[in-house]
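These notes concern the structure reproduced below.
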Amino acid sequence: MKEDDLSFLVIDDDPASLALVKATLGQANYSNVDLFDDPIKAQKSYQNKSYDILILDLRMPLLSGFDILKEINEIHKTRPRTIVLTAQVEADTADKALALGAKKVLFKPYNVKELVQEVRSQIEALASAG
Amino acid sequence: MNNIQVALGRSEQVPNSNTTWNWKVLLADDDPIFHKIGHAKLNGIGFDGHEMETFNSNNYQSTCLFLQENPDTAIVVLDIHMDDESTGYKVIDFIRKNLKNSEVRILLYTGDSHIKSEESMLDSYAISGYLSKLNSDPGQLLTKVKLALRSYSDIRNAKKLGQSNSELEKEVAVHTRQLLDLSAKLQSEVIKRKKTEDELKNTNDNLEAEILRRTKAADDAKTEAIKASQAKTEFLSRMSHELRTPLNAILGFSQLLLVDKKTTLTERQNESVDQINIAGKHLLYLVSEILDLSKIEAGKLTVNLDAVNVIPIVENCLLTMQQTALHRNIKLEFEEHQQDLWIMADEVRVKQVILNLVSNAIKYGPVEDTIRISAQLTKGHVDIGVFDNGKGIDQKMQEYLYTPFERCKNTESDVEGTGVGLAITKELMELMHGKVQFENLQPHGCRFTLSFPKVNL
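Keeping their order, the protein sequence lines are chains L and Y. For the first sequence, the residue numbers in the numbering used here are 1 to 130. For the second sequence, the residue numbers in the numbering used here are 131 to 587.
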């Protein structure tokens with residue numbers, strides 16, 4: 001699977017965090033990336049389009065990452081595979097996100113290499129699932 | 131009461147007399163022969179333990195004078211006919227009306243044949259007897275005098291008794307008055323005490339109200355303090371979260387700059403990015419410390435205990451701190467130790483407490499020093515010691531070692547830190563059933579020791 005064929009959805013209300021994910025993915029040669037700092041706009045996007053990978057913040061106004069996780073798994077059964085990035089470092093936050101279908105939770109500030117590794121392992125999982 | 135008993139005694143029978151006294155008998159007669167007869171018959175005769183003593187008078191004047199001067203006269207043997215034929219009656223009038231002496235016994239004595247009968251005489255005059263000169267029997271005189279004396283004595287006693295009674299009554303009245311006074315005093319005392327009691331009760335009530343008020347105030351203050359503490363904990367927790375978001379971008383972008391193969395940085399740029407990265411990591415460490423502290427204060431800090439080998443953890447920590455130590459020309463030296471020392475602990479937290487002690491030693495110890503780390507098995511414990519050769523910590527300062535925000539170095543110290551590291555270390559060690567101890571060493575230097583429960587494999 002070529003990097004450009006993979007579609008990414010990134011939702012984070014903090015523009016700097018959004019920019020960091022974009023730069024990190026760009027450096028790993030993933031360029032098909034939709035970025036949203038407004039979760040409501042992001043919602044419209046994923047309601048009409050199927051993404052391979054979702055990179056998601058949890059604490060956001062109006063629509064939280066948890067809400068999005070719940071909804072997106074209703075709409076699209078197998079994908080996207082979701083990596084949560086959050087500054088809420090409590091263990092129960094991670095547990096809750098995983099229970100709602102997230103594949104991995106990384107705590108901010110995360111190591112960019114670790115994020116890239118995680119993206120790759122999720123892509124592998126997608127490939128093996130077909 | 132005593133004086134009343136005494137008053138009833140014989141010795142007091144005649145007033146103005148001391149130990150010995152006589153019954154005074156006045157012989158009032160103008161005939162000197164009667165004086166002699168009377169004296170002979172009566173003087174010195176005893177009656178009731180006392181003798182009779184006779185006195186003489188021969189007319190109205192001398193008789194009245196004697197009686198006036200001697201109110202204690204017991205008997206007057208009175209001749210009716212002296213100055214004239216009715217002198218005796220005048221004397222009786224004088225005695226009873228003028229002198230108002232109703233006690234003295236009067237025996238009328240007369241030679242008049244046409245005198246009234248004795249019975250009529252007794253009816254008419256307050257007298258005790260009547261003697262006739264005409265059939266004068268010397269024995270009769272004595273008998274009549276003694277009878278009169280008995281009568282006199284009875285009157286005196288009755289009067290004394292009356293007096294005693296009235297004295298008694300007076301006494302009783304006095305006592306009654308005293309009792310009434312006492313009663314009144316008692317009553318006023320009772321009223322006073324009741325008042326005092328009321329006041330006391332009032333004071334008591336006021337005190338109780340005051341206690342209630344203060345208790346409530348204390349409770350309110352406590353509630354306030356708890357609220358404030360909760361607010362602080364919440365603030366610390368929020369702040370820690372909020373700071374992580376911008377830190378994420380700072381650390382993330384600096385990492386990207388270092389790993390990006392497309393962009394080549396100059397050496398100076400590389401160093402700058404390094405500094406950003408180091409400072410960012412330090413900031414992250416501080417933020418984590420504050421979050422830990424907020425968890426400690428909220429009682430939410432938890433550890434996951436497991437059997438872990440502490441040796442690789444120590445080695446890892448020393449590797450982590452190597453760069454920081456080098457900046458101060460400090461050498462980190464792991465003393466000779468066993469290959470494996472297993473402890474029951476939370477690996478992440480063990481790393482945190484060792485890093486805290488080593489970084490403190492680097493920060494607060496002298497430059498160009500050697501910091502030695504030891505790992506030893508002692509009775510049931512594994513002790514990790516961190517030694518430096520600095521000047522140690524004052525006894526006075528030691529009690530604040532584990533208090534949050536109480537930095538041992540003064541506040542103007544240029545050494546950076548939040549002052550919560552040791553507080554967290556102590557809390558974590560306790561959660562892992564271990565402890566942290568400090569001691570100054572001689573001649574210089576100091577040592578922090580972490581004691582973990584060992585695991586027998």
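Note that the Cβ used here is the ideal one computed from N, Cα and C, for glycine as well.
- Assigned with DSSP and collapsed to three states, R323/Y falls in helix.
- Counting C-beta atoms within 10 angstroms of its own C-beta, F365/Y has fewer than 16 neighbours from the protein chains shown and is therefore classed as exposed.
- The three-state secondary structure of K230/Y, taken from DSSP, is coil.
- Remark: C-beta atoms of K113/L and S17/L do not approach each other more closely than 9 Å.
- Residue environment analysis places D159/Y among the buried positions, since at least 16 neighbouring C-beta atoms fall within 10 angstroms of its C-beta.
- Proximity of chain Y to S17/L at the Cβ level (cut-off 7 Å) is accounted for by T375, N378 and A379, in chain order.
- With 16 or more other CB atoms across the displayed protein chains lying within 10 angstroms of its CB, Q122/L is buried.
- By alpha-carbon distance to K411/Y, the top candidate from V206/Y, T508/Y and T454/Y is T454/Y.
- In this model, K556/Y and V389/Y are separated by some 38 Å (Cα to Cα).
- Using a Cβ-Cβ distance cut-off of 8 Å, the segment 553-573 of chain Y and the segment 469-478 of chain Y are in contact, since at least three pairs of beta carbons, one from each stretch, lie closer than that value.
- Distance check between V116/L and each of P15/L, K22/L and D14/L places K22/L closest, using alpha-carbon atoms only.
- By the 16-neighbour rule on beta-carbons within 10 angstroms, A42/L is buried.
- Here the alpha carbons of K300/Y and L277/Y stand approximately 34 Å from one another.
- Interface with chain L (9 Å Cβ-Cβ cutoff): K509/Y is excluded.
- Counting along the chain, no alpha helix (DSSP H) covers K154/Y; the unbroken beta strand (DSSP E) around it starts and ends at W153 to A158.
- Taking the CA atoms as reference points, L58/L sits about 46 Å from T500/Y.
- An exposed status is given to V302/Y, since fewer than 16 other beta-carbon atoms sit within 10 Å of its beta-carbon.
- For V488/Y, no beta strand (DSSP E) segment is defined; the enclosing uninterrupted segment is the alpha helix (DSSP H) at E477 to Y494.
- Excluding residues up to 5 positions away in sequence, A437, W472, I473 and M474 lie with their Cβ nearer than 8 Å to the Cβ of V585/Y in the same chain.
- The C-beta of D349/Y has fewer than 16 other C-beta atoms within 10 Å across all chains shown, which makes the residue exposed.
- Between G551/Y and N459/Y, the CB-CB gap reaches or exceeds 9 Å.
- Annotation: Cβ neighbours of T24/L in chain Y (cutoff 8 Å, chain order): G382 and L386.
- Residue pairing of K565/Y in beta bridges, as defined by DSSP: S581/Y.
- Contact between S370/Y and I420/Y is confirmed by a C-beta separation of about 5 Å, below the 8 Å threshold.
- Spatial neighbours of T579/Y in its own chain (CB-CB distance under 6 Å, excluding positions within 5 residues in sequence) are listed in chain order as D513, G515 and Q567.
- Going by C-alpha positions, Q452/Y is about 43 Å away from P80/L.
- D14/L has its alpha-carbon roughly 9 Å from the corresponding atom of P376/Y.
- For A87/L, the nearest CB of chain Y lies under 9 Å from its own CB, placing it at the interface with that chain.
- With its beta carbon at least 9 Å from every one in chain Y, V84/L lies outside the interface.
- For the segment 28-43 of chain L, there are no residues whose beta carbon sits under 9 Å from a beta carbon of chain Y.
- Of all alpha-carbon atoms in F185/Y, E199/Y, H511/Y and K425/Y, the one lying nearest the alpha-carbon of T363/Y is that of K425/Y.
- Residue state for E181/Y is assigned as strand, using DSSP reduced to three classes.
- Taking 8 Å as the upper bound for CB-CB distance, L85/L and I55/L are in contact here, some 6 Å apart.
- Nearest in C-alpha terms to L237/Y, of all of H180/Y, T203/Y and E465/Y, is T203/Y.
- Assignment of R458/Y by DSSP, reduced to helix, strand and coil, places it in the coil class.
- Here the segment 45-55 of chain L does not lie against the segment 330-342 of chain Y, with fewer than 3 beta-carbon pairs under 8 Å apart.
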